[in-house]
Structures are given as structure tokens and as C-alpha cells.
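Residue numbers (my numbering): 32 to 143.
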């Protein structure tokens, strides 16, 4: 039985997922097979990541911020959430189209 502090929200595939009442659906809500949902804001490029908890409620665990510059660089920042008020950055990187050296640099940064 679910308490009144949760709501159900429809994904783009027609699935219904349970979220806390403070959850606000963005442009596109997608459920992945590994109990992760992505709430995508197409205007800002932000992707809010949620994971199903032991009560079958999807809780916010972090954000992915994606942007592109005019020089064919893609910037990706990932923020992990420890609580709804505080976010910690644990990865940030640039990728330039056709640049193998940049990809190798990103791999080194991720493994550090």
C-alpha cells in the first residue's frame, strides 16, 4: 500500500511509475530496464536521474547536464544527489567530434 506522499506519473512508453509528490515531470520521462528513470528537460538539456527504492518509489539520485558549443564540443556534467538540497559533482568532461585524444583524456579522468 502506498502513502499519500507519492504520485503516479506516465512515461513516454505508457508505463506508470511512482514518485514522491514533489516530483515535477519535464518534457520526456523514460524508464530504463534497470529500475532507473530519466526525466529529460529538452529546453535546458538537463536529465534528472531517479532510481526505484525498496518501496517501489523512484527517488532522485542525480542529474546529467548536456550542452554543446559552437566549436563542436559536447560538455557533460554529472551531479550526484545526497539529498534534495545538496548536489556534488563527480564527473565533468568535454568531447570534441573526431578527437581521439579527448576521448582518452576523459577515460583517464573517469578512472581517477
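All residues carry an ideal CB built from backbone N, CA and C; glycine is no exception.
According to the DSSP secondary-structure assignment, residue 80 is paired through a beta bridge with 69 and 93. Closest by C-alpha distance to residue 98, out of 67, 70, 38 and 76, is 76. Per DSSP, reduced to three states, the secondary structure at residue 37 is strand.
In this structure, residue 80 places its C-beta atom within 9 Å of the C-beta atom of residue 70.
Here residue 50 carries a strand assignment [DSSP, helix/strand/coil]. By the criterion of a C-beta distance shorter than 7 Å, residue 93 is surrounded in its chain by 80, 109, 110, 111 and 112, once the five residues flanking it on both sides are discounted. Collapsing the DSSP output to three states places residue 86 in coil.
Only residues of its own chain outside the window of five on either side were considered, and among them 33, 37, 49, 50 and 51 have a CB closer than 8 Å to the CB of residue 88, listed in chain order. Judged by DSSP secondary structure, residue 61 falls within the beta strand (DSSP E) whose first and last residues are 59 to 63. DSSP places residue 112 inside the beta strand (DSSP E), whose first and last residues are 104 to 112.
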